[in-house]
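S.K.:
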Amino acid sequence: MLDVDKIRADFPILKREVNGKPLVYLDNGASAQKPQAVIDAVTRAYSEEYANVHRGLHTLSNIATEKFEAVRGTVARFLGVSDESQIVLNSGTTEGINMVAYGWAMPRMEPGDEILLSVMEHHANIVPWHFLRERQGVKLTWVDTDAAGWLDPQKVIDAIGPRTKLIAITQLSNVLGTKVDVKAICDAARARGVAVLVDGSQGAVHMPVDLDEMGCDFYAITGHKLYGPSASGAIFVRGERFEEMRPFMGGGDMIRDVSKDAVSYADPPMKFEAGTPGIVQAIGLGVALDYMMEVGVADIAAHEDRLRDYARARLDGLNWLHQQGTVADKAAIFSFTMDGAAHPHDISTILDKKGVAVRAGHHCAGPLMDHLGVSATCRASFAMYNTTAEVDTLVEALELCHEFFA
Ligand code: PLP
């Protein structure tokens, strides 16, 4: 069982106050805080071991290259991928999905071809597909959730048609906390020759992931939600999809040979890593994933499940609070609105006065907001370092907020 006091001691920012109150950080869905091990690794990389990677023949470049390249193996271990050459290191999910859109989907799709999406997708897994709709007449087909926010995998499978080329789907909703049975979708899609891209931005944070078992074609993660630096991340690409994919960006590091008349490319994954990468960000990501694996991803998930159950019981007691996403087996992510005049932005401002950090807005999920019939929600999203006492602080702050607007 996870020792939450010990974990909290590893995150220096949790000791600070906000507006004279102890910080209660519940905006983890947007970005998580960093353990000292990550902060130290970033500092060490800049103060003792910094140089550009891959092209140097001097000591510092060799150290930086070794540390950077080791992250590929760490990401592969974290995601349950047996072959680390299927991991492309990048700046996060947005870059990963755009790489697939430009490099794999655009050259392969004809007008009338279809991409299947769930209504719960983040804009990072919507807008790149709108580019294909706008530019080459690809059709976007949407699958809705039920009233509780559950996505029936069979509905996705039934929506696969003869022109479906790709299913682009989240493993876990950043707004509702709903988990999606992506394995069932991958199994059915493979049998029909349809590729699946899984947005793992939230899923990889809150549940153990085994991509060899899941069987998706692409799986994108973003480091800053995984307790690592911002602008770090990775995408898993199943080997045979590499063969079908063109480089998305051109530049140094991704080539074999360049002349005035021709260019040839490095083998994957380097072929898809143009330019100087986020060297220190990647090193920090590797340390963050090692930290999660040391704590234990199953233990983190179990702790967050306990927080979810406790938070749900407390929030269910507030009959003026309207929760969006009430599936039993969801992650500890709670979206809500409140009776009365309180706009989510006002709620979040008042909570901040009590030291409670939550997010308010559309959460980059426009189609889901339309589906829910709201323009914005407040979202409290939990992480491994949160406690049931912090749930109580959230509830007290919400009660004050409700009294204020009553
Ligand atoms: N997908 C989901 C489900 C997210 O929650 C986020 C971040 O909020 C993203 C994609 C985009 O991640 P990034 O901005 O780090 O690329």
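Letter by letter, the sequence shown follows residues 28 to 433 in my numbering.
From the three backbone atoms N, C-alpha and C, an ideal C-beta is built for every residue, glycine too.
Bear in mind the structure is a predicted one, so any value in this text is a computation, not a measurement.
How would you call Lys-42, buried or exposed, if buried means at least 16 neighbouring beta carbons within 10 angstroms?
M.R.: exposed
S.K.: Which residues does DSSP pair with Gly-139 in a beta bridge?
M.R.: Answer is none; Gly-139 lacks a bridge partner.
S.K.: Mapping the DSSP letters down to three states, classify His-85 as helix, strand or coil.
M.R.: coil
S.K.: Measuring alpha carbon to alpha carbon, tell me which residue in Glu-96, Leu-199, Asp-317, Ala-103 is nearest Gly-56.
M.R.: Leu-199
S.K.: Would you say the region 368-386 touches the region 215-233, given that touching needs at least three Cβ pairs under 8 Å?
M.R.: Per the Cβ contact rule, the region 368-386 is not in contact with the region 215-233 (fewer than 3 Cβ pairs under 8 Å).
S.K.: Alpha carbon to alpha carbon, how far is Ile-114 from Ile-262? Give it in angstroms, no decimals.
M.R.: 6 Å
S.K.: Please list the segments of the beta strand (DSSP E) lying wholly inside the region 105-165, counting only runs of 3 or more residues, in order along the chain.
M.R.: 114-117, 141-145
S.K.: What's the gap between the Cα of Val-89 and the Cα of Ile-310?
M.R.: Reading the sequence as shown, one finds Asn at residue 89 and not Val. Distance between the alpha carbons of Asn-89 and Ile-310: 14 Å.
S.K.: Pull up the distance between the alpha-carbon of Val-231 and that of Ile-327, whole angstroms please.
M.R.: In the sequence on display, residue 231 carries Ala and not Val. Approximately 11 Å, taken between the alpha carbons.
S.K.: Taking only runs that begin and end inside the region 287-365, name each unbroken alpha helix (DSSP H) of 4 or more residues, in chain order.
M.R.: 306-322, 324-343
S.K.: Could you give the distance in angstroms between the alpha-carbon of Ile-306 and the alpha-carbon of Ser-112?
M.R.: 18 Å
S.K.: Ends of the beta strand (DSSP E) at Phe-263?
M.R.: Where Phe-263 is concerned, the enclosing beta strand (DSSP E) stretches over 260-264.
S.K.: With three or more beta-carbon pairs closer than 8 Å as the criterion, would you say the region 338-346 touches the region 354-367?
M.R.: yes
S.K.: What I want to know is whether the C-beta of Gly-100 ends up closer than 7 Å to one or more non-hydrogen atoms of ligand 1.
M.R.: no
S.K.: Can Ala-57 be considered in contact with ligand 1, in the sense that its beta carbon sits closer than 7 Å to one or more heavy atoms?
M.R.: The answer is yes for Ala-57.
S.K.: Verify whether the separation of the beta carbon atoms of Leu-447 and Val-221 is less than 8 Å.
M.R.: Residue 447 is absent from the model: the chain starts at 28 and stops at 433.
S.K.: Who are Ser-228's beta bridge partners in DSSP?
M.R.: DSSP lists no partner for Ser-228.
S.K.: Tell me whether Arg-283 sits in a helix, a strand or coil according to DSSP, three-state version.
M.R.: strand
S.K.: Ligand 1 and Asn-79: does any heavy atom of the ligand fall closer than 7 Å to the residue's C-beta?
M.R.: Outside the cutoff, so no.
S.K.: Please list, in chain order, all residues of the same chain as Ile-124 whose beta carbon is under 6 Å from its beta carbon, the five residues on each side excluded.
M.R.: Ala-151, Asn-152, Pro-155, Ala-247
S.K.: Taking the continuous alpha helix (DSSP H) assigned at Leu-199, which residues delimit it?
M.R.: That residue, Leu-199, is in no alpha helix (DSSP H); it is neither H nor E in DSSP.
S.K.: Is any heavy atom of ligand 1 found at a distance shorter than 7 Å from the C-beta of Gly-119?
M.R.: True, at least one ligand heavy atom lies under 7 Å from that Cβ.
S.K.: Grouping DSSP H, G and I as helix and E and B as strand, with all else coil, what is Asp-185?
M.R.: helix
S.K.: Using 10 angstroms around the beta-carbon of Phe-275, count the other beta-carbons present and answer buried if the total reaches 16, otherwise exposed.
M.R.: buried
S.K.: Any contact of the region 370-378 with the region 288-306, i.e. 3+ C-beta pairs under 8 Å?
M.R.: No, the region 370-378 does not touch the region 288-306.
S.K.: Could you compute how far the alpha carbon of Gly-352 sits from the alpha carbon of Gly-176?
M.R.: 5 Å
S.K.: Looking at Asn-201 and ligand 1, is the gap between the Cβ and the nearest heavy atom below 7 Å?
M.R.: yes
S.K.: Output needed for Pro-235: all residues of its chain with C-beta closer than 6 Å, excluding positions within five of it in sequence on either side, in chain order.
M.R.: Val-324, Ala-325
S.K.: Strictly by DSSP, which residues pair up with Ala-407?
M.R.: Partner(s): Phe-361.
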